[in-house]
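Q: Can you read through this structure? Questions will come right after.
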Amino acid sequence: MRASRLMSFAAAAALLVGLAGCSQPAGSAGQGSEASSSADAAAFPVTIKHAFGETVVKSKPTRVATVAWANHEVPLALGIVPVGMAKADYGDDDADGVLPWVKEQLDELGATTPVLFDETDSIDFEAVADTKPDVILAAYSGLSKSDYETLSKIAPTVAYPGVAWGATLEQMITMESLAIGMKTEGEALIAKLHATTETDVEKHPALAGKSVLWGYFDPSDLSKVGFYTTNDSRPAFLEQIGMTTPEAVSSASAKTDEFYTTISAEAADSLDDVDVIVTYGDAALLKKLQADPLIGKIPAIERGSVALLTDDTPLAAGANPSPLSIDWGLEDYLALIDTAAGKVG
Numbered sequence: 002m003r004a005s006r007l008m009s010f011a012a013a014a015a016l017l018v019g020l021a022g023c024s025q026p027a028g029s030a031g032q033g034s035e036a037s038s039s040a041d042a043a044a045f046p047v048t049i050k051h052a053f054g055e056t057v058v059k060s061k062p063t064r065v066a067t068v069a070w071a072n073h074e075v076p077l078a079l080g081i082v083p084v085g086m087a088k089a090d091y092g093d094d095d096a097d098g099v100l101p102w103v104k105e106q107l108d109e110l111g112a113t114t115p116v117l118f119d120e121t122d123s124i125d126f127e128a129v130a131d132t133k134p135d136v137i138l139a140a141y142s143g144l145s146k147s148d149y150e151t152l153s154k155i156a157p158t159v160a161y162p163g164v165a166w167g168a169t170l171e172q173m174i175t176m177e178s179l180a181i182g183m184k185t186e187g188e189a190l191i192a193k194l195h196a197t198t199e200t201d202v203e204k205h206p207a208l209a210g211k212s213v214l215w216g217y218f219d220p221s222d223l224s225k226v227g228f229y230t231t232n233d234s235r236p237a238f239l240e241q242i243g244m245t246t247p248e249a250v251s252s253a254s255a256k257t258d259e260f261y262t263t264i265s266a267e268a269a270d271s272l273d274d275v276d277v278i279v280t281y282g283d284a285a286l287l288k289k290l291q292a293d294p295l296i297g298k299i300p301a302i303e304r305g306s307v308a309l310l311t312d313d314t315p316l317a318a319g320a321n322p323s324p325l326s327i328d329w330g331l332e333d334y335l336a337l338i339d340t341a342a343g344k345v346g
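Each position in the sequence shown, counted from 1, maps to that position plus 1 in this note's numbering.
This is the structure in C-alpha cells:
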C-alpha cells in the first residue's frame, strides 16, 4: 500500500532523533522575544551531530536565525519567527524576497518579515551577526567548513547531517526543532506533513512504480544531460512516495556525494528505462529536446512524458519539498507529474 511507502519517512525521522545525540530538548524563540515550548529549558544543553562534528546549544534560544534554502520554514511552521533568514532568490514572483507560503505563514502569525539575508553571492556573515542570534539553523544547506566555522563564531550553528544539500525534510525538521527546544512539536510537524503527503499521493495512483529522472537541460548546450542524484531531496522525495529511480541515476549517485551530475548526450540510450522526466522549462524547451538527434531519442522525451515546471516560479521552487510548501503546492506538483506519467504506454 502507498501508506507503507510513506512509513519510510517516519523511520528516517526516528533515526535522526538518535543522530541528534540527545534526548531532551528545550525552548525556542522568535523575533527577539521568548517563545512558548512544551519542553523545559532545564533540559539544555543539547547536542546536535552533523557533518562538521557537533554543536552544543547551551541554553534555550530566544533569537533564531537561519541561512540557506528553507531552513526558516522549520521555526515558522512551529510558530517561531526568526530574527533573520535568507532572502528568496528563486521562485519569488512578487520580488519581495519571501516565497508565497512563507508570506502566508508570517501573516497567520501576525508577524512582520524578518531581516532578509542576501545570499546571491555568499552568506552575508555581517548581516547574520547583526541580528544577534542565539542559534543559527542550516541543516539543509551547502555550507563549506569555512562557512560553518565563521557562523559558529556568531552563534551555535546546526549544519547538514551528511552531504551538502543532502538533508531530507525529516532530518531538517528533526535537527532544527531539537536545537530550538521543540522536539515534540517537530515530531508532530513531521506526522502532519506525512498525512498531507499521503492524502495527495493517493489521488495519483498512476505514479506508483514509475521511474523518474529529475533532469536539467541547458537549451544552449544539448551535448549533455544533467540530472539530480539521489543525494538531492527532489528525486529522493519522489522515490519516497513510490516512484522509482532509473538505473543510470542510481549508478551515478553511488559514485558521488554531489547532488547533481551530467552524462554525455551520446549516452542518452542509458535513459531508455525512464518513464517520466521532471525538469525546469516550457513547451519550447520540450520541442527543442524532441528535435535533438540524440536527446530526442530518449523514449520519455520522444513521447512527451515530461513534467515541465516553468522556471523561477513558486511551483518550481516548491518542487523541492519544504515544511511550508507541501501544504501550499504539493497537489499541483503531483498533478503535473501525473499528466506526464499518463503518456507512458
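Cβ coordinates follow ideal geometry from the N, Cα and C atoms, glycine included.
If you follow the alpha helix (DSSP H) that residue 317 is in, where does it begin and where does it stop?
A: Start and end: 315 to 319.
Q: In angstroms, rounded to a whole number, what distance separates the CA positions of residue 99 and residue 254?
A: The alpha-carbon atoms of residue 99 and residue 254 are separated by roughly 32 Å.
Q: Taking the alpha carbon of residue 183 as the point to measure from, which residue in 61, 315, 329, 205 has its own alpha carbon closest?
A: It is 61.
Q: Assuming residue 82 and residue 117 make a contact with CB atoms under 8 Å, what is their CB distance in whole Å?
A: About 13 Å; that fails the 8 Å criterion.
Q: Buried or exposed: which applies to residue 57, given that a residue is buried once 16 or more other Cβ atoms fall within 10 Å of its Cβ?
A: Exposed.
Q: Using a threshold of 8 Å, state whether the C-beta atoms of residue 53 and residue 154 are closer than that.
A: Going by C-beta atoms, residue 53 is not nearer than 8 Å to residue 154.
Q: Among the candidates 132, 342, 237, 102, whose CA atom is the shortest distance from the CA of residue 207?
A: When only C-alpha atoms are compared, the closest one is 342.
Q: On a CA-only basis, which of 130, 345, 210, 249 is nearest residue 264? Give me that one, please.
A: Here the closest residue by C-alpha is 249.
Q: Check whether the Cβ atoms of residue 162 and residue 51 lie closer than 8 Å to each other.
A: Contact flag set, yes.
Q: How big is the Cα-Cα spacing for residue 211 and residue 336?
A: In a straight line, the C-alpha of residue 211 is about 14 Å away from that of residue 336.
Q: In this structure, how does DSSP classify residue 324 when only helix, strand and coil are distinguished?
A: Residue 324: coil per DSSP, three-state reduction.
Q: Using DSSP with H/G/I as helix, E/B as strand and the rest coil, what is residue 225?
A: Strand, per DSSP.
Q: Quick one: which unbroken beta strand (DSSP E) runs of 3-plus residues sit fully inside the stretch 184 to 234? Chain order, please.
A: For the stretch 184 to 234, whole beta strand (DSSP E) runs of length 3 or above, ordered along the chain, are 213 to 219, 222 to 229.
Q: Considering only C-alpha positions, which residue in the set 179, 200, 70, 192 is nearest to residue 93?
A: With distances taken between Cα atoms, residue 93 lies closest to 70.
Q: Output needed for residue 84: all residues of its chain with C-beta closer than 7 Å, excluding positions within five of it in sequence on either side, in chain order.
A: Closer than 7 Å at Cβ, skipping near neighbours: 32, 33, 64, 65, 66, 115, 116, 132, 134.
Q: With H, G and I counted as helix, E and B as strand and the rest as coil, what does DSSP make of residue 264?
A: Three-state result, residue 264: strand.
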